[in-house]
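Using our numbering, read the sequence shown as starting at 2 and increasing by one per residue. We put the CB at the ideal spot given by N, CA and C, even for glycine. Computed from a predicted model, the values in this text were never measured in an experiment.
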Amino acid sequence: MSENLIEVKGLKKYFNVGSGNMLKAVNDISFSIAKGETLGLVGESGCGKSTAGRTVLRLYEPTGGSVHFEGTDIYKLSPQKMKAMRRDMQMIFQDPYASLNPRFTVTDIIGEALDIHNMAGSKKERKKRVEDLLDMVGLNPDHATRYPHEFSGGQRQRIGIARALAVNPKFIICDEPISALDVSIQAQVVNLLKDLQNRLGLTYLFIAHDLSMVKHISDRVAVMYLGRIVELAESEELYANPLHPYTKTLLSAIPIPDPAIEANKKRIVLDDTNNNFNLDNSELVEVSKGHWVSMPK
Ligand SMILES: Nc1ncnc2c1ncn2[C@@H]1O[C@H](COP(=O)(O)OP(=O)(O)O)[C@@H](O)[C@H]1O
Ligand SMILES: [Mg+2]
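Written out as structure tokens, the structure is:
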């Protein structure tokens, strides 16, 4: 039995959108991730994935629910203790260019992460650590004095990964880390993340808006729709036996390389304007071992 690194229970994050209206961006989601595991979190743009990720890391204060990291309830931590905890929990963002300061060199960007947690050591040690990190993510250590614009999109994402790794985290939320990259580059970044996971024993929450790449990196996948998880299963099981209509819709949106199969594939058009899924009156039910589906109560 593997131990859970992180346990999320009944997590809610509502945004006040004016006139007394609350947007339920994350509406009561629960999941756990075992040490060394990758949980995929998929769903269309706007369904609440990034908000869920940010709330799990307490970059947003939750509206309700709990997050236990190695048994510690992180929402109960003082700001001081939370800062220390942040070292263990890092995030990689979708757009590596927007998240890297254009006026900073690579050394400054990665070094800053070290400085925040007083891990830089002497100037020489700091330089050595940055070079080691660049080497670890497949970049030339001699390029440490360059600026973000001097790198390609894939290379910039590698810088973002190096920055996240700088503080030796245990858990990384990868928020659509490949969505902005050319298809030809996506597999390289996914392979790098997998390789780093094996070498460093990392645990990932891997966020994506389609199921195609998630399959290759995730042990289990949670499907999110309108702030809720509607299905959660082992990757193989989810792809072989999707049960929720929304999951089937997402799967029907993955292009199949064989044109003959692609032409015959049925596409499901999703319409929830009539609240077909009846989510307010549904709950997750375990229909076979480890396979959870949202069903009417
Ligand atoms: N800071 C915010 N204030 C108000 N609404 C927000 C905020 N952040 C996100 N939202 C809304 O919450 C919903 C979920 O957004 P998000 O978590 O970014 O979705 P995803 O990452 O799945 O695309 C969207 O309707 C979005 O407009
Ligand atoms: Mg997002």
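query = Nearest to Asn1 by CA position, among Gln189, Trp293, Ser79 and Asn17, is which residue?
reply = Absent from the structure is residue 1, since the part of the chain shown begins at 2 and ends at 298.
query = Quick one: any contact between the segment 134 to 148 and the segment 181 to 188, if contact means 3 or more CB pairs under 8 angstroms?
reply = no
key: Residue closest to Ile7, alpha-carbon to alpha-carbon, out of Lys13, Ser20 and Glu38   = For the purposes of this step, residue 7 is identified with residue 6 of the sequence shown, where counting begins at 1. Measuring from the Cα of Ile7, the nearest candidate turns out to be Glu38.
query = On the three-state DSSP scale, how would you describe Gln187?
reply = As a first step, residue 187 must be located in the sequence shown, where it is residue number 186. Looking at Gln187 - three-state DSSP - the assignment turns out to be helix.
key: Tyr240 beta carbon less than 7 angstroms from that of Gly44   = Within the sequence shown, numbered from 1, the residue matching residue 44 stands at position 43. Within the sequence shown, numbered from 1, the residue matching residue 240 stands at position 239. Result no, Cβ atoms of Gly44 and Tyr240 do not sit closer than 7 angstroms.
query = Does the Cβ-Cβ distance between Glu232 and Ala209 come in under 7 angstroms?
reply = Residue 232 sits at position 231 when you count from the first residue of the sequence shown. Residue 209 sits at position 208 when you count from the first residue of the sequence shown. Not in contact: Glu232 and Ala209 (Cβ atoms no closer than 7 angstroms).
ask   = Taking 6 angstroms as the cut-off, does the CB of Gly11 come closer than this to any heavy atom belonging to ligand 1?
value = Your numbering for residue 11 matches position 10 in the sequence shown. False, no ligand heavy atom lies under 6 angstroms from that Cβ.
query = Can we say the segment 148 to 160 touches the segment 101 to 119, given the rule of at least three CB pairs closer than 8 angstroms?
reply = yes
query = Which runs of the alpha helix (DSSP H) spanning at least 4 residues fall entirely within the segment 144 to 174, listed in chain order?
reply = 154 to 166
key: Residues whose Cβ lies closer than 5 angstroms to any heavy atom of ligand 1, in chain order   = Phe16, Ala26, Ser46, Gly47, Cys48, Gly49, Lys50, Ser51 and Thr52
query = Do Ile93 and Ala165 have their CB atoms nearer than 7 angstroms?
reply = By one-based count along the sequence shown, residue 93 stands at place 92. By one-based count along the sequence shown, residue 165 stands at place 164. Yes, these two residues count as a Cβ contact at 7 angstroms.
ask   = If you run the structure through DSSP and keep just helix, strand and coil, what is Lys10?
value = As a position in the sequence shown, residue 10 is number 9, starting the count at 1. Lys10 falls in the strand class under three-state DSSP.
query = What do you get for Glu132, buried or exposed, if any count of 16 or more other CB atoms within 10 angstroms of its CB means buried?
reply = Counted from its first residue, the sequence shown places residue 132 at position 131. The residue is buried, with at least 16 neighbouring Cβ atoms inside 10 Å.
ask   = Which class does Ala35 belong to by DSSP, given the choice of helix, strand or coil?
value = What you label residue 35 is simply residue 34 of the sequence shown in a count that begins at 1. In this structure, Ala35 counts as strand in the three-state DSSP scheme.
task = Kindly indicate which three-state DSSP category Met225 falls into: helix, strand or coil?
result = To locate residue 225, count along the sequence shown from 1; it is residue 224. Here Met225 sits in strand by DSSP.
inquiry  = Which of the three DSSP states is assigned to Met2 in this structure?
reply    = Against the sequence shown, residue 2 aligns to sequence position 1. Residue confidence for Met2 is low, a pLDDT of 49 falling below 50, so the modelled location carries little weight and cannot support an answer.
query = Who are the Cβ neighbours of Lys128 in its own chain at under 8 angstroms, not counting the five residues just before and after it?
reply = As a first step, residue 128 is located in the sequence shown; it is residue number 127 there, counting from the start. Here the set comprises Thr108 and Ala145.
ask   = For Gly72, which of Met86, Pro80 and Gly65 has the nearest alpha-carbon?
value = In the sequence shown, residue 72 corresponds to position 71, counting from 1. When each option's Cα is compared against that of Gly72, the closest is Met86.
message = So Leu115 and Arg104 are supposed to be a Cβ contact under 8 angstroms. How far apart are they, rounded?
response = Your numbering for residue 115 matches position 114 in the sequence shown. Your numbering for residue 104 matches position 103 in the sequence shown. Not a contact, Cβ separation roughly 18 angstroms.
message = Determine whether the beta carbon atoms of Leu58 and Ile30 lie at a separation below 7 angstroms.
response = If you number the sequence shown from 1, residue 58 lands on position 57. If you number the sequence shown from 1, residue 30 lands on position 29. No, Cβ-Cβ distance for Leu58 and Ile30 is not below 7 angstroms.
ask   = Taking the DSSP output, what are the residues bridged to Asp176?
value = Here residue 176 is taken as the residue at index 175 of the sequence shown, counted from 1. The partner list for Asp176 (beta bridge, DSSP) reads Ile208.
ask   = Mind checking Lys14: buried by the 16 CB within 10 Å criterion, or exposed?
value = Working through the sequence shown from its first residue, we reach residue 14 at position 13. The residue in question, Lys14, is buried, as its Cβ has 16 or more Cβ neighbours within 10 Å.
task = On a CA-only basis, which of Ala181, His217, Ser213 and Leu212 is nearest Leu1? Give me that one, please.
result = Nothing about residue 1 can be reported from this structure: the residues present for the chain run from 2 to 298 only.
key: Closest Cα partner of Lys82 within the set Tyr98, Pro63, Cys48 and His118   = Residue numbering aside, residue 82 sits at position 81 when the sequence shown is read from its first letter. Of Tyr98, Pro63, Cys48 and His118, the residue nearest in Cα terms is His118.
query = Can you tell which of Lys36, Gly21, Leu24 and Ser213 has its C-alpha closest to the C-alpha of Leu201?
reply = Residue mapping note: residue 201 aligns to position 200 of the sequence shown, counting from 1. If we check each option's Cα against that of Leu201, Lys36 comes out closest.
key: Spatially closest choice to Ser213 from Ala254, Gly122 and Asp96, by CA coordinates   = Stepping through the sequence shown from its first residue, residue 213 is reached at position 212. When only C-alpha atoms are compared, the closest one is Ala254.
ask   = With distances taken from CA atoms, which of Ala121, Leu280, Phe278 and Val224 is nearest Ser46?
value = The sequence position of residue 46 within the sequence shown is 45, counting from 1. Taking only the C-alpha atoms, the option nearest Ser46 is Val224.
message = DSSP three-state label for Leu58, please.
response = Here residue 58 refers to the residue found at position 57 of the sequence shown. Here Leu58 sits in coil by DSSP.
inquiry  = Using the Cβ count rule (16 or more neighbours within 10 Å means buried), how would you classify His245?
reply    = Within the sequence shown, residue 245 is the residue found at index 244, counting from 1. Buried.
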